[in-house]
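Undergrad:
2 protein chains.
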Amino acid sequence: MFKYYYKVIYMNNVPEMEILFELADLFKVFGDSTRLRIMYTLFDDEHSVGEIAQALNMEQSTISHQLRVLRTNKLVKIRRDGKQIYYSLDDDHVKKVIEMGLDHVLE
Amino acid sequence: MFKYYYKVIYMNNVPEMEILFELADLFKVFGDSTRLRIMYTLFDDEHSVGEIAQALNMEQSTISHQLRVLRTNKLVKIRRDGKQIYYSLDDDHVKKVIEMGLDHVLE
DNA sequence: TTAACATATGAACGATTATTCATATGTTCA
DNA sequence: TGAACATATGAATAATCGTTCATATGTTAA
Numbered sequence: 001m002f003k004y005y006y007k008v009i010y011m012n013n014v015p016e017m018e019i020l021f022e023l024a025d026l027f028k029v030f031g032d033s034t035r036l037r038i039m040y041t042l043f044d045d046e047h048s049v050g051e052i053a054q055a056l057n058m059e060q061s062t063i064s065h066q067l068r069v070l071r072t073n074k075l076v077k078i079r080r081d082g083k084q085i086y087y088s089l090d091d092d093h094v095k096k097v098i099e100m101g102l103d104h105v106l107e
Numbered sequence: 108m109f110k111y112y113y114k115v116i117y118m119n120n121v122p123e124m125e126i127l128f129e130l131a132d133l134f135k136v137f138g139d140s141t142r143l144r145i146m147y148t149l150f151d152d153e154h155s156v157g158e159i160a161q162a163l164n165m166e167q168s169t170i171s172h173q174l175r176v177l178r179t180n181k182l183v184k185i186r187r188d189g190k191q192i193y194y195s196l197d198d199d200h201v202k203k204v205i206e207m208g209l210d211h212v213l214e
């Protein structure tokens with residue numbers, strides 16, 4: 001029983017703790033429906049800001065703000081083409097995290 | 108929270124959309140460092156509320172409040188033994204979601 | 001029963017954050 | 001050039017949420 005205490009205390013003092021804070025920040029990004037819908041929109045293909053805004057029927061600035069959050073967290077990347085900026089998922093982790101979450105939600 | 112569900116029904120008819128809102132709610136739960144640390148503490152074994160509070164050096168009521176959130180979202184389950192209540196991870200999805208997130212955080 | 005302990009809960013406070021509005025920046029083409 | 005369009009950004013507002021404090025509920029043992 002005291003063994004447990006020791007183990008827990010030990011576990012939570014190591015550098016892994018700092019990583020858990022980073023991890024929380026990452027999940028925070030996934031924890032917003034607008035951002036999730038944006039990412040879901042980008043599942044199949046890249047899309048411009050305007051296209052996403054129209055698809056989700058939301059303000060352009062709202063989408064832009066949230067895309068910035070996604071980009072800051074390296075979840076999406078951009079490609080400029082003339083006046084438009086096309087966003088796409090940055091890597092496959094994004095899909096995998098979402099799919100893993102879906103497993104839980106879909107019971 | 109209810110506002111969002113309203114929007115789903117009212118604005119759009121894509122069935123997957125409602126699931127995305129549920130998914131956002133799930134990720135919200137993972138998006139807090141205290142809850143993540145609690146879950147991480149339960150990775151190896153069950154622990155009582157007091158043990159967790161001591162391990163994380165946080166108020167008992169804080170842990171209790173957060174355990175309720177985790178339990179409401181079916182991420183942890185309980186076992187009563189006398190005065191103590193022992194919490195443990197509810198299923199393997201929890202571990203998998205966290206590990207998948209770690210993959211991204213650890214570059 | 002009562003005392004002691006373990007956990008849960010409600011209210012209040014502070015901090016964070018998503019959205020909107022207005023405007024700025026940046027790009028193309030006449 | 002400058003007009004038109006696409007995107008980004010800053011400030012303000014409103015809503016959400018984590019923590020704390022005080023207290024309630026529940027359990028055990030005397």
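Order-wise, the sequence lines are chains D and U.
With the working numbering applied, the first sequence corresponds to residues 1 to 107, in that order.
With the working numbering applied, the second sequence corresponds to residues 108 to 214, in that order.
Every residue gets a Cβ at the ideal spot worked out from N, C-alpha and C, and that includes glycine.
Within 8 Å (strictly less), CB to CB, does U/Y194 reach chain D?
TA: By 1-based counting over the second sequence, the position of residue 194 of chain U is 87. Using a CB distance cut-off of 8 Å, U/Y194 does not count as an interface residue toward chain D.
Undergrad: In angstroms, rounded to a whole number, what distance separates the CA positions of D/I78 and D/T34?
TA: Working through the first sequence from its first residue, we reach residue 78 of chain D at position 78. Working through the first sequence from its first residue, we reach residue 34 of chain D at position 34. Taking the straight line joining both Cα atoms gives about 18 Å.
Undergrad: What does D/R37 reach in chain U if we use C-beta pairs closer than 8 Å?
TA: In the first sequence, counting from the first residue as 1, residue 37 of chain D sits at position 37. The contacting residues are M124, L127.
Undergrad: Taking CB distances under 8 Å as the criterion, tell me whether D/H104 reaches chain U.
TA: Reading the first sequence from its first residue, position 104 is the one you call residue 104 of chain D. By this cut-off, D/H104 is an interface position.
Undergrad: Going along chain D, which residues have a C-beta under 7 Å from U/S140?
TA: Position 33 of the second sequence holds residue 140 of chain U. In chain order: L20, F21, A24.
Undergrad: Enumerate in chain order the residues of its own chain whose CB-to-CB distance from U/Y193 is below 8 Å, with the five nearest sequence positions on each side excluded.
TA: Here residue 193 of chain U is taken as the residue at index 86 of the second sequence, counted from 1. E153, H154, S155, I185, R186, R187, listed in sequence order.
Undergrad: Report buried or exposed for U/F137, applying the criterion of at least 16 other Cβ atoms within 10 angstroms of its Cβ.
TA: Counting from 1 along the second sequence, the entry for residue 137 of chain U is found at position 30. Buried, because 16 or more other Cβ atoms sit within 10 Å of the Cβ of U/F137.
Undergrad: What separation, rounded to the nearest whole angstrom, lies between the Cα atoms of U/L149 and U/S195?
TA: Sequence index remark: in the second sequence, residue 149 of chain U carries index 42 (1-based). Sequence index remark: in the second sequence, residue 195 of chain U carries index 88 (1-based). Computed Cα separation, rounded: 6 Å.
Undergrad: Helix, strand or coil: how does DSSP classify D/K83 here?
TA: Start at 1 with the first residue of the first sequence, and residue 83 of chain D comes out as number 83. In this structure, D/K83 counts as coil in the three-state DSSP scheme.
Undergrad: Closest Cβ-Cβ distance between D/K108 and chain U: below 8 Å?
TA: The shown model of chain D, from 1 to 107, leaves out residue 108 of chain D, and the question about it has no answer.
Undergrad: Residue ranges of each alpha helix (DSSP H) run of no fewer than 4 residues wholly in the segment 121 to 194 of chain U, ordered along the chain?
TA: Taking only runs of at least 4 residues, the alpha helix (DSSP H) segments lying wholly in the segment 121 to 194 of chain U are 122 to 137, 140 to 148, 156 to 163, 167 to 179.
Undergrad: Have a look at U/D132 and U/L174 and give me their C-alpha separation to the nearest angstrom.
TA: Indexing the second sequence from 1 puts residue 132 of chain U at position 25. Indexing the second sequence from 1 puts residue 174 of chain U at position 67. Computed Cα separation, rounded: 16 Å.
Undergrad: Taking only the alpha-carbon atoms, compute the straight-line gap between D/I38 and U/T169 and give it to the nearest angstrom.
TA: Position 38 of the first sequence holds residue 38 of chain D. Position 62 of the second sequence holds residue 169 of chain U. Distance between the alpha carbons of D/I38 and U/T169 is about 33 Å.
Undergrad: Starting from the C-beta of U/A162, find all residues in its chain whose C-beta is less than 8 Å away, skip the five residues before and the five after it, and write them out in chain order.
TA: Along the second sequence, read from residue 1 onward, the residue named residue 162 of chain U stands at position 55. So the qualifying residues of the chain are T148, H154.
Undergrad: So, does the CB of D/K28 fall closer than 8 Å to a CB anywhere in chain U?
TA: Here residue 28 of chain D is taken as the residue at index 28 of the first sequence, counted from 1. Chain U contact via Cβ: present.
Undergrad: Do D/V97 and U/M207 come within 8 Å of each other at the CB atom, strictly closer than that value?
TA: Counted from its first residue, the second sequence places residue 207 of chain U at position 100. Counted from its first residue, the first sequence places residue 97 of chain D at position 97. Yes, the Cβ-Cβ distance between U/M207 and D/V97 is below 8 Å.
Undergrad: Can the beta-carbon of D/V94 be found less than 8 Å from the beta-carbon of D/L75?
TA: Numbered from 1 along the first sequence, position 94 holds the residue referred to as residue 94 of chain D. Numbered from 1 along the first sequence, position 75 holds the residue referred to as residue 75 of chain D. Taking C-beta atoms as the reference points, D/V94 and D/L75 count as a pair closer than 8 Å.
Undergrad: First and last residue of the alpha helix (DSSP H) that includes U/E214?
TA: Translated into positions along the second sequence, residue 214 of chain U becomes position 107. Unbroken run through U/E214: none, as it is neither H nor E.
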